[in-house]
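If you read the sequence shown in the numbering used here, its first letter stands for residue 3, the second for the next number, and so on.
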Amino acid sequence: MARFVFITGGVVSSLGKGLASAALGALLQARGYTVRLRKLDPYLNVDPGTMSPFEHGEVFVTDDGAETDLDLGHYERFTGVAARKTDSISSGRIYSNVLEKERRGDYLGKTIQVIPHVTNEIKDFLRIGADEVDFMLCEIGGTVGDIEGLPFFEAIRQFSHERPHGECILMHLTLLPYLAASGELKTKPTQHSVKELQSIGLAPDILVCRSEQPIPEREREKIALFCNVRKEHVVAAYDLKSIYEAPLAYHREGLDQAVLDAFGIAPAPKPNLDRWLDVMDRLENAEGEVRVAIVGKYTQLEDAYKSIAEALTHGGMANRVKVRAEWIDAEIFEREDPAPWLEGFHAILVPGGFGERGTEGKIHAAEFARTRKIPYLGICLGMQMAVIEAARNLAGLPTAGSEEFDHEAGKKRFEPVVYHLKEWVKGNQTEERKLGDDKGGTMRLGAYTAQLAKGSKVADVYGATTIEERHRHRYEVDIKYRVKLEEQGLRFSGMSPDGRLPEIVEVSDHPWFIGVQFHPELKSKPFEPHPLFADFVRAAKDVSRLV
Ligand code: GLN
3 MARFVFITGG VVSSLGKGLA SAALGALLQA RGYTVRLRKL DPYLNVDPGT
53 MSPFEHGEVF VTDDGAETDL DLGHYERFTG VAARKTDSIS SGRIYSNVLE
103 KERRGDYLGK TIQVIPHVTN EIKDFLRIGA DEVDFMLCEI GGTVGDIEGL
153 PFFEAIRQFS HERPHGECIL MHLTLLPYLA ASGELKTKPT QHSVKELQSI
203 GLAPDILVCR SEQPIPERER EKIALFCNVR KEHVVAAYDL KSIYEAPLAY
253 HREGLDQAVL DAFGIAPAPK PNLDRWLDVM DRLENAEGEV RVAIVGKYTQ
303 LEDAYKSIAE ALTHGGMANR VKVRAEWIDA EIFEREDPAP WLEGFHAILV
353 PGGFGERGTE GKIHAAEFAR TRKIPYLGIC LGMQMAVIEA ARNLAGLPTA
403 GSEEFDHEAG KKRFEPVVYH LKEWVKGNQT EERKLGDDKG GTMRLGAYTA
453 QLAKGSKVAD VYGATTIEER HRHRYEVDIK YRVKLEEQGL RFSGMSPDGR
503 LPEIVEVSDH PWFIGVQFHP ELKSKPFEPH PLFADFVRAA KDVSRLV
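See the structure below:
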């Protein structure tokens, strides 16, 4: 069974627990171990799929079709290990499982309680797949002391107690605030947060202390003494220029050494950090900059498009350029000519989205990119908008639109070139959905295969004709319009294996215009940039060299 590292946070939220967990995963891999990362979230939503991207950031989708927290995206980007459905759980899901069992009579009429029923459910979750890896890193969302978090903390206490000695450790993140007036780093909030842990039977083995200032030896000693951890296990976490610095920075501060030490692994295998040295070299030694406009809806919160922002950075690393992504609210183009806004950008990206608001603006952005021959990448809704644009402006269908918007408005206004899909094939099974189904999980979700046309641009970009990418959508481009659109130069260059569902479209007479029904950004990694993003940025770089 794997060794477990539980990662918790105290003092304040947003300390970077997810990043610390991901970086630790990468460092353990660098020492030759296999890892899996998991997120346990105390909120009561059953899954993050229906949470607003404004509030919660992007929904990350796994190959096996789970809609999860964006932290799983970080885990994948740092370790390259594909996350699974069983790598994320919320209190809502745990309670829902327990209540379902109760309704089914599984508990034989016993009184159902947080201890043991809820905590057992959490422990069962922790054990899933634990035989497959050397280290299982489990991050607990929220902050110690939150009411919602208590069942999780209690479950990891029991779990650690039940496992053989030395198989579980606790790594706790805290903040050392700096008081400018006295010129001091304050350790008291850290002490309090460790007390809070101790009061529920937990003791940290490692303390990761976020700090804006170097932590003096004296403060380290004090923290070690008052918090009952070894001095070498007090690890500093300073602010970073880029998240991708985290593995090297944590290594410098001794995090991986401290973790192996806490497990009693000696001598520790030597790390090979070449992957991360190369990543940093590409980031720090970029030659030139390209500007990419992202025309979307959720532009106020960058986390809403986290994976896209990261995938663009990776595309830049592949080409040794810096990508400056600028977010533009699509609704502006419903009132104003996009030209003055978009001229000067080297490429345009229209991301995924839901609902009608802003879509006419996205259609204008696609038209601008197509007619001005600016590189265009349309993702999911961004592909659908590109198809609607071509249908309206090239194929003589002025009322082309998506059924999604008619459903939302409750009236029929559009010719549905994008329609609601009610059944489709996954592997050798047929999946079915009705519009009235529960809001959660009614989409085509997870990895699906696409066949790419030989000689197409995308086949060239991927260097393959069979690919697998992750989906999250309800609507599809209708192949009824394929012939009409292809006659006008919008090629359907990627299709589902049964030939029913368009997966990729591209404009033939254009330097780089590609729309994809899936989310390539979810599979991009800094050390393995996604081919579509790498080539999109390359095309943008070509444009930037022309002007
Ligand atoms: N709203 C569109 C659909 O459901 C696109 C979804 C997306 O962009 N992820 O098909």
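C-beta atoms are modelled at their ideal positions from N, C-alpha and C, and glycine is treated no differently.
Following the DSSP letters along the chain, one finds Trp426 inside the beta strand (DSSP E) bounded by residues 425–428.
In this structure, Gly27 and Leu39 form a Cβ contact; the two beta carbons are roughly 5 Å apart against a cut-off of 8 Å. The residues Val463, Tyr464, in chain order, have a CB closer than 6 Å to that of Pro533 in the same chain once the five nearest residues on each side in sequence are set aside. Three or more Cβ pairs drawn from the segment 467–478 and the segment 445–452 lie within less than 8 Å of each other, which places the two stretches in contact.
Contact between Ala402 and Ala248 is absent: CB atoms are separated by about 46 Å, not below the 8 Å threshold. In this structure, DSSP gives Arg415 a state outside helix and strand, which the three-state scheme calls coil. For the pair Lys308 and Ala332, the CB atoms are not nearer than the 8 Å cut-off. Exposed is the label assigned to Ser184, since fewer than 16 other Cβ atoms lie within 10 Å of its Cβ.
Take the alpha-carbon of Asp258 and the one of Leu29: they are about 6 Å apart.
Contact between the segment 357–370 and the segment 383–394 is established, with three or more Cβ pairs separated by less than 8 Å. In terms of Cα proximity to Leu379, the closest of Gly357, Val100, Val297 is Val297. The alpha-carbon of Val236 is positioned some 9 Å away from that of Gly256. Beyond the five residues adjoining it in sequence on each side, Leu178 comes within less than 6 Å, by CB distance, of Leu187, Cys211, Ser213 in the same chain, given in chain order. Within the same chain, Cβ atoms closer than 6 Å to the Cβ of Lys414 are found at Asp408, the five residues on either side in sequence being excluded. Linking Thr81 to Arg33 through their CA atoms gives a straight-line distance of about 12 Å. Taken atom to atom, the span from the alpha-carbon of Asp339 to that of Leu548 is near 24 Å. Tyr477 counts as buried, since at least 16 other C-beta atoms from the protein chains shown sit within 10 angstroms of its C-beta.
Ala239 is bridged by DSSP to Arg212. Not a single unbroken stretch of the beta strand (DSSP E) spanning 3 or more residues falls wholly within the segment 519–545. Relative to ligand 1, Arg474 has its C-beta within less than 7 Å of a heavy atom. Rounded to whole angstroms, the separation of the alpha carbons of Gly18 and Gln115 is 33 Å. Contact between Ile130 and Thr88 holds: CB atoms are separated by about 5 Å, below the 8 Å threshold.
Excluding the 5 residues flanking it on each side, Ser93 has same chain C-beta neighbours closer than 8 Å at Asp43, Pro44, Tyr45, Leu46, Glu150, Pro153, Phe154, in chain order. As computed with DSSP, Gly517 is found in a beta bridge with Gly380, Val507. Looking at the backbone, the Cα of Ala327 and that of Val61 are separated by about 20 Å.
Runs of beta strand (DSSP E) with 3 or more residues, each lying fully within the segment 13–39, are absent. For Gly403, the distance from the CB to the nearest heavy atom of ligand 1 is not below 7 Å. Around the CB of Asn430, fewer than 16 other CB atoms lie within 10 Å, so the residue is classed as exposed. For Glu478, there is no enclosing alpha helix (DSSP H); the residue is part of the beta strand (DSSP E) that begins and ends at 477–479. Remark: C-beta atoms of His253 and Arg293 do not approach each other more closely than 8 Å.
DSSP lists Glu478 as the beta-bridge partner residues of Tyr421.
Going by DSSP, Lys103 is part of no beta strand (DSSP E) but of the alpha helix (DSSP H) stretching over 93–106.
Proximity of the segment 130–145 to the segment 99–116 falls short of the contact definition, fewer than three beta-carbon pairs being nearer than 8 Å. For Leu383, the distance from the CB to the nearest heavy atom of ligand 1 is below 7 Å. Given a length threshold of 4 residues, each whole run of the alpha helix (DSSP H) inside the segment 65–89 is given here in chain order: 73–81. Sequence-distant partners of Ile334 (beyond 5 residues in either direction) whose C-beta falls short of 7 Å from its own C-beta, in its chain, are Trp343, Gly363.
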